Each structure stands twice: as C-alpha cells, then as structure tokens.
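Inspection log for the structure reproduced underneath, given as structure tokens.
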Amino acid sequence: QTRILTGITTSGTPHLGNYVGAIRPAIAASLAPDVESFYFLADLHALIKVQEPERVQRSTLEIAAAWLACGLDPAKVWFYRQSEIVEIPELSWFLTCVAGKGMLNRAHAYKAAVDKNRAEGEDDDAAITAGLFMYPVLMSADILAFNANQVPVGRDQIQHIEMARDVGQRFNHLYGEHFVLPEALIEESVATLPGLDGRKMSKSYDNTIPLFAPRETLKKLIYSIVTDSRAPGEAKDTEGSALFQIYQAFASVEETQAMRRAFAEGIGWGEAKQALFERIDGEIAPLRAKYETLMARPQDIEAILVDGARRVRAQHVSPRMKALREAVGLRDLS
Ligand code: TYM
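End of the sequence shown = 357 in the numbering used here, gap-free, step of one.
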C-alpha cells in the first residue's frame with residue numbers, strides 16, 4: 024500500500040507554486056486505488072519564520088480552504104494541523120538525538136542564512152534561530168510518524184526528504200526497522216515554478232501569484248511577469264522564459280507544443296500573457312468560487328481540522344508513539 028503525505032507551511036497566502044508543486048499532484052495521487060493520504064498544515068514550521076500570531080492563523084485558514092477547494096475530501100484523506108498532533112514534537116526530539124549535526128549544517132535554508140550573514144560581515148550564526156537549524160528534523164518527524172513512502176513536493180524540498188531518509192535510517196540502525204524511508208514525488212514539468220521576477224516563486228521573494236487572487240488581480244499579476252524586450256514578430260526563447268514555464272505547468276502537452284511554436288513564430292508578449300491568463304483562470308475559476316464559499320465559513324474548516332487531528336492521532340499516531348517510546352527505552356504512557 025502507498026502512503027502519501029505532504030504539508031504546506033502556514034506562513035502566508037497559498038500561491039501557484041504550492042498548487043502545482045504540492046496541492047494538485049497530491050490530490051491527483053490520492054485518487055488512485057490503494058492509497059492512504061495525509062495532508063497537513065505545517066503550523067509548527069511557520070513559527071520559524073513568522074512571529075505574528077494573526078498571520079499564522081489567517082494562513083492556516085487560507086491553506087486549509089485551498090486544499091478543500093481543490094478537491095481534498097476529508098472523509099477519504101487524513102487532513103490535520105501539525106500542531107494538534109502533539110506527538111510530533113516528541114518524535115522530533117527522538118530524531119534530534121540521532122540526526123547528525125554535520126548533516127544539518129548542510130541544509131540549504133540554514134546555509135543560505137549563514138551565507139547572508141557572511142556577505143553582510145556578521146557572525147556566521149547571527150540572528151539564526153535553533154528552529155531554523157532544526158527545521159529538517161521536525162519535517163522528518165512529520166513524514167516518519169506516518170511511515171509515508173511518497174511525498175509530493177516541489178524541487179526545493181528534495182534535500183529535506185533525503186534528510187528524512189538519513190535520519191530514519193540512523194534510527195532504524197540503532198533501534199530496529201521502525202521507519203519506512205520516504206521518497207520525493209516530483210512532477211518534472213513543474214518542479215520549480217518561477218515567480219513574477221523569474222526566480223523561484225516563493226513567499227520569501229515576494230514574487231508570488233496568489234492561487235485565489237481575484238480574476239482582475241490575477242490578470243494584472245500575469246501581465247507583470249518579466250519578459251525580454253523583443254517585439255511581436257521576433258522569435259522568442261522558451262528556455263529561461265518564466266512565462267513559458269508557467270504556461271507549461273498549466274497546459275496539456277499539445278498546448279505546450281503549440282505555444283513553443285508560437286514563441287518561435289514571434290507571438291507578442293501581450294498575446295502570450297493573455298493566453299496564459301486564460302489557461303490559468305480556466306483551471307482556477309471554479310476552484311476560486313469554492314474557496315470563497317469556504318472562507319465565508321471558517322468555523323466549518325476549524326471543525327474539519329479538529330476532527331481530522333483527533334482521528335488521525337487515535338488511529339495512527341498514538342499506537343506508533345507507544346511502540347517508539349518502548350523502542351528507545353521510555354515508559355509506556357498509555
Ligand atoms: P512550503 O510551504 O514552502 O511549500 C509547500 C509546497 O509547495 C511547493 N512549492 C513549490 N513547488 C514548485 N515551484 C515553486 N515555486 C514552489 N514553491 C513552493 C514546495 O516544494 C512544497 O511542496 N517544509 C515544507 C512544509 C513541510 C512538509 C513536511 C512538506 C513540513 N513538513 C513534510 C512535505 C512533508 C515547506 O515549507 O513547504
């Protein structure tokens with residue numbers, strides 16, 4: 024049996040990168056037979072970056088509504104808030120005690136923060152929290168707690184999944200085969216969706232297109248995607264074109280081929296942007312309507328999350344933790 028698990032950090036408004044990298048493939052994968060899926064809101068991870076309680080709460084609601092609007096069925100998929108699974112931080116500690124510090128030194132997010140400090144002439148670890156450093160261990164706990172074997176993510180998360188494998192393997196080596204080692208599930212055509220400025224679409228670069236931006240805002244944002252200055256009639260490069268890459272993430276293989284030809288034949292940027300807008304809006308508009316209905320009833324979303332956490336703890340996490348506490352030599356609390 025396949026177990027699929029993925030999470031989104033509740034540090035902002037869900038964007039197209041989250042949708043094509045995680046939400047869309049996860050929902051498609053969960054429809055296959057013999058699959059059990061676990062989709063959650065990584066609100067403990069959010070605390071690493073966001074120290075504004077209202078923002079974490081707002082983001083939790085928005086990301087939960089986004090999953091539901093995109094078709095997640097809480098009767099078929101385990102759907103919960105990470106922070107309600109109180110066993111996760113406990114497991115995270117067990118894993119902290121086997122994780123190599125040298126491995127964590129190499130984590131991209133931590134290294135980027137060190138590099139930034141160096142560039143600014145600061146001490147290596149200036150203003151870096153232990154939370155940022157331990158981020159990959161907490162993420163390992165999320166995955167290993169459920170013995171998930173497939174994790175649909177964008178390319179930026181591959182290293183974290185490899186670290187989860189490493190940590191799981193070390194634990195297994197010391198205590199016996201408790202953990203299944205997970206694999207990343209990456210959709211190659213959309214592995215890294217670029218943002219408005221051509222860099223990876225990311226909350227930290229402020230270059231995102233919100234998944235459920237109102238139609239007019241969506242259009243305005245799409246028209247603001249960077250392009251070169253070639254005029255209509257001049258052939259355009261698909262290579263390195265943010266516009267083309269985003270188009271590809273939303274179009275069929277045939278449509279992508281047609282757009283490739285249009286680029287070669289010198290389609291104007293305005294026309295290409297209009298085509299992209301129509302493609303995205305065509306896919307998103309029905310979901311946007313559902314999202315708006317859901318956002319008008321936050322108490323319903325809350326009830327779904329509370330119920331999901333309660334059930335998944337009883338069914339999966341409690342028995343797992345009982346076995347793991349015993350494995351490491353701690354007293355059984357049940
Ligand atoms: P987060 O919140 O940064 O992103 C959520 C998901 O969206 C994907 N993604 C993208 N995919 C393609 N192109 C982009 N520009 C893009 N931007 C974001 C991410 O790859 C991710 O799949 N640490 C995770 C959350 C997490 C998690 C987990 C994920 C916590 N525990 C366990 C999987 C399993 C994160 O911060 O993702």
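All C-beta atoms, glycine included, are put in the ideal place defined by N, C-alpha and C.
From a predicted model like this one, the values you see are computed outputs, not experimental measurements.
In three-state DSSP terms, what is residue 307? helix
Which residue's Cα is closest to the Cα of residue 55: 154, 198, 113 and 26? 26
Heavy atom of ligand 1 within 8 Å of residue 305 beta-carbon: no
Identify, in the order they occur along the chain, each residue of the same chain with its Cβ nearer than 8 Å to the Cβ of residue 140, setting aside the five sequence neighbours on each side. 146, 147, 148, 149, 150 and 151
Provide the residue span of the beta strand (DSSP E) that contains residue 227, from first to last. No beta strand (DSSP E) contains residue 227, which DSSP labels as neither H nor E.
Start-end ranges of the alpha helix (DSSP H) lying completely within the segment 36-72, minimum 4 residues: 47-53 and 66-72
Secondary structure, beta strand (DSSP E): runs of 3+ residues fully inside the segment 202-271: 206-208
When the Cα of residue 251 is compared with those of 70, 212 and 292, which residue comes out closest? 292
With DSSP collapsed to three states, give me the class of residue 31. strand
Looking at residue 339 and ligand 1, is the gap between the Cβ and the nearest heavy atom below 8 Å? no
Where does the unbroken alpha helix (DSSP H) through residue 173 begin, and where does it stop? Taken as a continuous stretch (DSSP letters only), residue 173 belongs to no alpha helix (DSSP H), being part of the beta strand (DSSP E) at 173-175.
The beta strand (DSSP E) with residue 411 in it runs from where to where? This structure leaves residue 411 out entirely; the chain is present only between 24 and 357.
Relative to the C-alpha of residue 85, which candidate in 143, 42 and 259 has its C-alpha closest? 42
Could you check whether the Cβ of residue 100 sits closer than 8 Å to any heavy atom belonging to ligand 1? no
Please find out if some non-hydrogen atom of ligand 1 comes closer than 8 Å to the beta-carbon of residue 183. yes
8 Å contact criterion, which residue 201 and residue 194 should meet: CB distance rounded: 6 Å
Residue 175 versus 330, 339 and 28, residue with shortest Cα-Cα distance: 28
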